[in-house]
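Chain order of the listed sequences is L and H. If you number the first sequence the way our numbering does, the last residue is 184 and the count never jumps. If you number the second sequence the way our numbering does, the last residue is 1184 and the count never jumps. Beta carbons: idealized from backbone N, C-alpha and C, even for Gly.
2 protein chains.
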Amino acid sequence: MADTPGPGASEPSLDEQIAAYQREFQDLDPQVEKVVSALSRLNRRMNVAYGRQTAELGISNAEWEVLKALVLAGDPYRLGPGDLAKRLGLTPAAMTHRIDRMVAEGLVTRERDENNRVRVIVGITEEGRSKWLEAMRMASVFEEELLQDLSGEERGRLGEMLTRLLRRVEDAQPDAGGRLSDLD
Amino acid sequence: MADTPGPGASEPSLDEQIAAYQREFQDLDPQVEKVVSALSRLNRRMNVAYGRQTAELGISNAEWEVLKALVLAGDPYRLGPGDLAKRLGLTPAAMTHRIDRMVAEGLVTRERDENNRVRVIVGITEEGRSKWLEAMRMASVFEEELLQDLSGEERGRLGEMLTRLLRRVEDAQPDAGGRLSDLD
DNA sequence: TCTGAAGACTTCAACAGTAAAGTTCGAAGC
DNA sequence: GCTTCGAACTTTACTGTTGAAGTCTTCAGA
């Protein structure tokens, strides 16, 4: 039996995918396509890995994002929902909902700014801070493993090239906003 | 007025972010962090860019994903929902809904496999194929612009390094599945 | 051929995000 | 000192994804 092309195929390998692009759409530089496809696949895999780690701590990647933003903001470790939304690329409405949950879980606090009662201030709790720290520890181990095949010099070159690409898109797209969706 | 740290800050630059990590969590190799942070930011920006382009065609990135998978699958240009779900990293339930919409919009067809009536076959329509093609044309222009600052040799090195990283994660995480979330 | 088990998809209820319409407060002009 | 405008957040209704339960078909064994 069975020259059936196979119903059970899984995700094609990167090289198969590049070859398929050449077959179906010749106007595509395979070198460019390789960079772009590897970038999105890598990102997807990394998010899966982070998700497993944060799940062990009983939080989601989305919640970890909020904690990261608060810690990275520096000393008073407080930000308004609007600012948080900008940093995470979410709508303000989504931020409101996210904060609701995180307050209920004891990861952050929400209070009104007494100097300007239109504003709200979100702060990180002890528990939020400690979850952030554990997540960072796990993430740094994972990231070190991820890059283990690259020499120090290669890491530098890679970071530099990626930064150059990033500058390109950020110049073309200065507004941080924008809906997302996962792409392949 | 105003030594207030500022409510209106936007997303910090990559370098500011790296510096903040050094301040808050010294056990982090800044070189590693630069690579990782640049990767996720780049991905986010790229998805925003793709989203704008697909929106011009009246489809979403999610729908474009499905069209890509069908075209890349090759000749009969047909796949089952389960297989599609695996390739896109979605649950089967999400795939069912997505196909519902796309059938309603005339981008794909859904029929039962006559040889095995448990299975369903999703195929691409003329219109789906043509939207795919237009999206690819726009994407290839964007991607070429994105990489314009890199020489041919650099592009090769970048693709090769990213592939090496990808191999690392894929070995550690052979199952394609996994929920996602956008990370910073 | 009947029965049980497994596979492939769908349905359903709950959750997360978005857009657009509210609230509420602060600041500027009259 | 009112009134109007605008900013910051929230609410509401809707869209899309998930996990779990359900349906239908096939296949293997009795």
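When the five nearest sequence neighbours on each side are left out, the beta carbons in the same chain lying within less than 8 Å of the beta carbon of VAL1120(H) are those of GLY1080, PRO1081, ARG1110, GLU1111, ARG1112, ASP1113, in order along the chain.
Contacts with chain L (Cβ-Cβ distance below 7 Å) from the segment 1101 to 1116 of chain H involve no residue at all. Annotated three-state conformation of ILE1099(H) is helix, per DSSP.
Under the three-state reduction of DSSP, THR1054(H) is assigned to helix.
At least one CB of chain H lies nearer than 9 Å to the CB of MET136(L).
Looking only at LEU84(L), GLU105(L), ARG23(L), LEU107(L), the smallest Cα-Cα distance to THR96(L) is reached by LEU84(L). In the DSSP secondary-structure assignment, ILE1124(H) is bridged to VAL1108(H). For LEU57(L), there are no neighbours in chain H by C-beta distance under 8 Å, as the nearest C-beta there is about 14 Å away. DSSP places ARG117(L) outside both helix and strand once states are collapsed to three, so it counts as coil. Going by beta carbons, ALA135(L) and THR54(L) fall inside the 9 Å limit. At least 9 Å separates the beta-carbon of LEU1165(H) from that of VAL35(L). Only buried fits VAL71(L), as 16 or more other CB atoms lie within 10 angstroms of its CB. SER1151(H) and GLY74(L) have their C-alpha atoms roughly 38 Å apart. Contacts between ASP149(L) and chain H, judged by CB atoms closer than 7 Å, involve ARG1164, ARG1168 in chain order. Remark: C-beta atoms of LYS1068(H) and GLU11(L) do not approach each other more closely than 9 Å. For ARG137(L), the closest of GLU1033(H), ASN1047(H), GLY1058(H) by C-alpha to C-alpha distance is GLU1033(H). Neighbours of ASP1027(H) in chain L, taken as residues at a C-beta separation under 9 Å, are given in chain order as MET136, ARG137, SER140. Taking C-beta separations shorter than 8 Å and ignoring five residues to either side along the sequence, the partners of ILE1018(H) in its chain run PRO1030, GLU1033, LYS1034, SER1037, following chain order.
Note that the C-beta distance between ARG98(L) and ALA62(L) is below 9 Å. No Cβ-Cβ contact shorter than 9 Å links LEU1158(H) with MET46(L). Per DSSP, the continuous alpha helix (DSSP H) segment holding LEU1070(H) begins and ends at 1061 to 1072. When secondary structure is reduced to three states using DSSP, LEU1158(H) falls in the helix class. Put simply, of GLY156(L), SER140(L), THR163(L) the residue whose alpha carbon is nearest the alpha carbon of GLN1026(H) is SER140(L). Excluding the 5 residues flanking it on each side, SER60(L) has same chain C-beta neighbours closer than 8 Å at GLY51, THR54, in chain order. Counting of Cβ neighbours within 10 angstroms places VAL1108(H) among the buried residues, the total reaching 16 or more. Taking 9 Å as the CB threshold, VAL1035(H) lines the interface with chain L. For the pair PRO1076(H) and GLY1123(H), the CB atoms are nearer than the 9 Å cut-off. Nearest CB-CB separation between GLU1126(H) and chain L: not below the 9 Å threshold. Under the three-state reduction of DSSP, LEU79(L) is assigned to strand. Secondary structure at GLN1022(H): helix, using DSSP grouped into helix, strand and coil.
For VAL48(L) and GLU1143(H), the gap between their C-alpha atoms comes out near 25 Å. By the rule that beta-carbons nearer than 9 Å mark a contact, GLY1089(H) touches chain L.
Secondary structure at GLN173(L): coil, using DSSP grouped into helix, strand and coil.
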